[in-house]
Structures are given as structure tokens and as C-alpha cells.
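Before any comments, here is the structure.
In the UniProt record's numbering, the protein residues as written are 1 to 189.
See the structure below:
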């Protein structure tokens, strides 16, 4: 549906911008000039929340989507909304953590040189939610992007009406089944 595409695109583009903005925190050493110019990307959090809310509303209010939705689908959207909302609270609601500690903590994650974790409650909530997402990401439906490379439209020939495709093991089974049928027909005669 058009609304799914609309909210999905809003969410994904906002996520890309926020991901680029967060790269500056994890960059070891001096942050490159290009990442220092991403301050305005913080406003992508608004379309992120709008897109996620639209996708959650679709799951709740569209009957056919609600029918096929698992509880994990709702929980993933709520988790993403909570991550975005906690990030917005830190950025726009004056719950600023000590950014020096944030930079050294994030850089320490990359360089394995652990440093002190900022103690502000909103930062701890944001980082806990983000780490939860990172932990469940590989085993969840959120990992749908690599599925594009396994799509039948990309890796299979679409000529089923011209040529029958059968694997070697299936051909062997089919031959065994034909022999079995012939033997049973001979017994019946």
C-alpha cells in the first residue's frame, strides 16, 4: 500500500541520517570534518518517530496486517520508537549527558579501551535500548535487507513455462516413484 511505502521510506531515510550522525561518536581519534557537519541530522528524529508511528498504526488498525502480525512485530516497533524518543529527550529536552564521557565511552567500544559510562538516566535508557536492539537484530525480522540478495526475482531464471526445473535429488525420487508405480501395476495385472 502507498501508506506503507510512505511511512517506510520516511523511517528508513531518517534512520540513515541518524546513523551517519552517530558515526561521529564512534570515530576513534579526531572526528572527520564531514561528520562534524551532521549536527542538523538530529532533526531526522522527528520523521523517524512519525514513520515508526505510522507503521505501528498500520499494524494496529489495518485488519489484514493485524491478522498476520506477531507480538514481536509490535515489540520491535515499540523498541525502535523508545530508542528514538529517548534520543530526542537527550537532544531536545535538556537532558544532556556529559558529551565528553559519551565520546570516550563510544570510542572505547570501538577500540576496546573501556572508559566510564555516563550516569544520566536518559542516556542509560537510550544505550540499554540500543544494545537490546543490537542483540536481537540478527535473529529478528528487522534483518530483512539482506533478503533482497536471496530474492527469487534476482537469482532464479523466470522461464518455468518454457522449461521444467528439477534438481538431481528430486529427479532421482521421481524415477524411484515411477519404478514403484510400475512394479505395483505389474502386481495388479
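For glycine and all other residues, C-beta sits at the position ideal for the given N, C-alpha and C.
| Item | Value |
| --- | --- |
| Would you identify the three-state DSSP class for residue 116, choosing helix, strand or coil? | coil |
| Within its chain, find whatever has a CB closer than 7 Å to the CB of residue 22; leave out the 5 residues flanking it on each side and keep chain order. | none |
| Which same chain residues, not among the five before or five after residue 126, have their C-beta less than 7 Å away from its C-beta? | 83, 86, 87, 90 |
| Shortest alpha-carbon distance to residue 5 belongs to which of 55, 143, 34? | 55 |
| Would you mind listing the alpha helix (DSSP H) stretches within the UniProt domain "NarG-like" (10 to 145) that are 4+ residues and don't spill past its ends, in chain order? | 33 to 36, 45 to 61, 63 to 68, 71 to 92, 99 to 111, 121 to 136 |
| Going by beta carbon distance, what residues of the same chain come within less than 8 Å of residue 116, once the five residues before and after it are set aside? | 101, 104, 105 |
| Helix, strand or coil for residue 166? Go by DSSP, reduced to three states. | coil |
| Less than 8 Å between the CB atoms is what I'm expecting for residue 148 and residue 26, so what's the real figure, rounded? | Actually they are not in contact, since the Cβ atoms of residue 148 and residue 26 sit about 26 Å apart, beyond 8 Å. |
| Are there 16 or more other CB atoms within 10 angstroms of the CB of residue 123, so buried, or fewer, so exposed? | buried |
| Which residues in the same chain have their Cβ closer than 6 Å to the Cβ of residue 108, if we skip the five residues on either side of it in sequence? | 114, 115 |
| What's the gap between the Cα of residue 135 and the Cα of residue 175? | 47 Å |
| Tell me whether residue 29 is buried or exposed, calling it buried when 16 or more other Cβ atoms sit within 10 Å of its Cβ. | exposed |
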